[in-house]
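Input: a single structure, listed below in structure tokens.
Residue numbers (our numbering), protein chains in the order written: chain A, -12 to 312; chain B, -12 to 312.
And the structure:
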């Protein structure tokens, strides 16, 4: 995919569109505690110069370094909830970001209590060369708009308040040359309309929809851990290009344990993926007792064939539909 | 050494003495931040059924698991100071100890502010199945007595309040059969005198020194990081069997940097080891920029020949002098 994009860039073709790429890396796949062979579950995403990290457990900064990605440009950090395996790597990560000379503000998104929890942990990382801006989630579903993309937080069902996240990149329709010509509007206004601006002139008002086609399919990555299956997850994951979902247990006899601790089995995750009609699902957040999650691959693929038993450091570049090879 | 001890045990010879063994493991050798190939500096020691951990940075629990040692029996946790690289692994470690079903109390020793710092970090690990007992260090030098050994904390010179630690196992003199016989005391009192008890009978008072020889050389492990060199460190490390000391920089031109950040170079550590007349020194707490500390081995051994450039997971069993092979 990268080559195709480079080729188009070299040809000067559709340059602006071609750089629309969402780079994601599942830094770890563990739940509960970090292990010598498995980092804790955490997702890093890079889009158009912005870096996003969802959850930061003990060792996440090491996993990031191992992958060769840098903490310096982390702009937005989201937390699903405040259990240690999802946030205890925060003080070290903040210090490492500071040591990497990050000076731009860091936006943090998380359930209620965000600033209280972060400030408590910062007892061992009090001095940072950048500002932290807190955005606490107060609704069951809440959308946070950024330059060119949205983060959608949605409440899930764990034993503490916990949220899943969608990283959403919307895609406008194509510019309709014929419609624009038919309007009789001076050509110099076209790009402003294309960017979403409404143009008011003496002869009338021109809105973007007058020259643009219907919105096209964008990109959506859904991230969900820790939770029991819920309708809200299915709704939010609908048609995701990639659904990253917890699978705490692969063993078929652990459903009761999953219920007790408010986690999910592989099969419950797969049933949701199927119902949400996602393009594919990566399982993650394995129990430390689950040493060979791939053993259950066939069983879970029988429910949803596009299930992958993710491993630490899996990464992918997501492109708009018509840019894929 | 282990074989020799086993042999003696099998022969039933000097059983009580033979089990005197101090097991230590340097879990990591890094400073500042954990790296994919280097855990943060932390020392685990096991003695006579008691486990001690000095410092607990991000990833220390993984290093411990990698080594095959268990967090379940950690009885005493000491902190040199509250910079993140020495304590940020605490919440995860506490939870893992809880998950391993530890129920006995955990003693914590550290500079002033101990309970405040630990309670702040416990915002992400609020529920534990064991009690924490805090022992704050209030003096420049302070000794904490435990069953059969002592922990000596001594103030060092860093940019925040920081302490080094000695793990000290004293060793009584040998029982002097001839002196005991000459006393004319009933043989049934001998073992009580040997254990340190004073016996008062109608015919007089008997003190342990009447039957015991002069104290013999015990064991001492000195642990020091982060600090500039000080007279106090030299005094406290005197004649240590093992001196584990920070060497943040190996490059000869980094002395000024060491001074600025209140750390030590390899050569400063070696000069202290020589003056303290320790049996050997392990360097640790390397700067992330120091990727090949072993490059400076010869230069530092020119100052103190028994210097070792320690690596993650180095361990050693220390025995009393006459039990060594």
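Glycine included, C-beta positions come from ideal geometry on N, C-alpha and C.
Proximity test, Cβ basis, 9 Å: residue 48 (chain A) and chain B: yes
Outcome for residue 34 (chain A) when other beta-carbon atoms lying within 10 angstroms are tallied against a minimum of 16: By the 10 Å Cβ count, residue 34 (chain A) comes out buried.
Separation of residue 182 (chain A) from residue 131 (chain A), as counted between CA atoms: 20 Å
Residue 247 (chain A) at chain B interface by Cβ criterion, 9 Å: no
Chain-order list of residues whose beta-carbon lies under 6 Å from that of residue 4 (chain A) (same chain, five-residue window excluded): Since pLDDT at residue 4 (chain A) reaches only 49, below the 50 mark, its modelled position is unreliable, and the value read off the structure follows with that caveat. Apart from sequence neighbours up to five positions away, no residue of its chain approaches residue 4 (chain A) with a beta-carbon distance below 6 Å.
Residue 178 (chain A), buried or exposed, once every other Cβ within 10 Å from all chains shown has been counted against 16: exposed
Three-state secondary structure (DSSP) of residue 319 (chain B): In the structure as shown, chain B starts at -12 and stops at 312, and residue 319 (chain B) therefore has no counterpart that could be examined.
Interface flag, residue 89 (chain B) vs chain A, CB-CB below 9 Å: no
Residue 166 (chain A) burial status per 10 Å Cβ neighbour count (16 or more: buried): exposed
Chain-order list of residues whose beta-carbon lies under 6 Å from that of residue 140 (chain B) (same chain, five-residue window excluded): 124, 129, 150 and 152
Neighbourhood of residue 50 (chain B) by C-beta, 6 Å cutoff - its chain only, sequence neighbours within 5 removed: Taken in chain order, the residues that qualify are 14, 15 and 26.
Amino acids of chain B, ordered along the chain, whose beta-carbon sits closer than 8 Å to that of residue 274 (chain A): Residues of chain B passing the Cβ test: none, with the nearest at roughly 11 Å.
Beta carbon proximity, residue 236 (chain B) to chain A, threshold 9 Å: no
Contact set between residue 52 (chain B) and chain A, taken where Cβ atoms lie within less than 8 Å: 22 and 23
Interface partners of residue 74 (chain A) on chain B, CB under 7 Å: Neighbours of residue 74 (chain A) on chain B, chain order: 111.
Residue-level contact to chain B via CB, residue 86 (chain A), 9 Å cutoff: yes
Reduced DSSP secondary structure (H/G/I, E/B, other) of residue 277 (chain A): Here residue 277 (chain A) carries a coil assignment [DSSP, helix/strand/coil].
Inter-stretch contact at 8 Å, needing at least 3 Cβ pairs: the stretch 100 to 108 of chain B / the stretch 71 to 85 of chain B: yes
Short CB-CB distance (under 9 Å) between residue 82 (chain B) and chain A: yes
Residue 85 (chain B) vs residue 117 (chain B) beta-carbon contact at 9 Å: yes
Limits of the unbroken alpha helix (DSSP H) element including residue 366 (chain A): This structure cannot settle anything about residue 366 (chain A), because the visible part of chain A is limited to -12 through 312.
Near-chain B residues of the stretch 267 to 301 of chain A (beta-carbon distance less than 8 Å), N- to C-terminal order: none
Span separating the alpha-carbon of residue 261 (chain B) from that of residue 208 (chain B): 15 Å
Where residue 0 (chain B) falls: helix, strand or coil (DSSP): Annotation note: pLDDT 41 at residue 0 (chain B) (below 50); position unreliable, coordinate value reported separately. If DSSP states are grouped into helix, strand and coil, residue 0 (chain B) belongs with coil.
Cutoff 9 Å: residue 30 (chain B) Cβ touching any chain A Cβ: no
Runs of alpha helix (DSSP H) lying entirely within the stretch 161 to 202 of chain B, each at least 4 residues, in chain order: Runs of the alpha helix (DSSP H) inside the stretch 161 to 202 of chain B: 164 to 170 and 177 to 181.
The stretch 197 to 212 of chain B in contact with the stretch 153 to 164 of chain B per 3-pair CB rule at 8 Å: yes
Residue span of the alpha helix (DSSP H) that contains residue 219 (chain A), given as start and end: 218 to 224
Integer-rounded CB distance, given that residue 254 (chain B) should sit under 8 Å from residue 290 (chain B): 6 Å
Burial state of residue 297 (chain A) (16 or more Cβ within 10 Å): buried
Within 9 Å of chain A by C-beta, residues of the stretch 6 to 17 of chain B in sequence order: Taking 9 Å as the Cβ-Cβ cut-off against chain A, none of the residues of the stretch 6 to 17 of chain B qualify.
Under the three-state DSSP convention, the category residue 140 (chain A) falls into: strand
Contacts that residue 305 (chain A) makes with chain B (C-beta to C-beta distance below 9 Å): Ordered by position in chain B, no residue passes the 9 Å Cβ test against residue 305 (chain A), which lies about 26 Å from the chain.
Coil, strand or helix - residue 115 (chain B) by DSSP: coil
Secondary structure of residue 318 (chain B), DSSP reduced to three states: Summary: the structure shown does not reach residue 318 (chain B), with chain B confined to residues -12 through 312, and so no result is reported for it.
Beta-carbon spacing of residue 11 (chain A), residue 154 (chain A) below 9 Å: Yes. Within cutoff.
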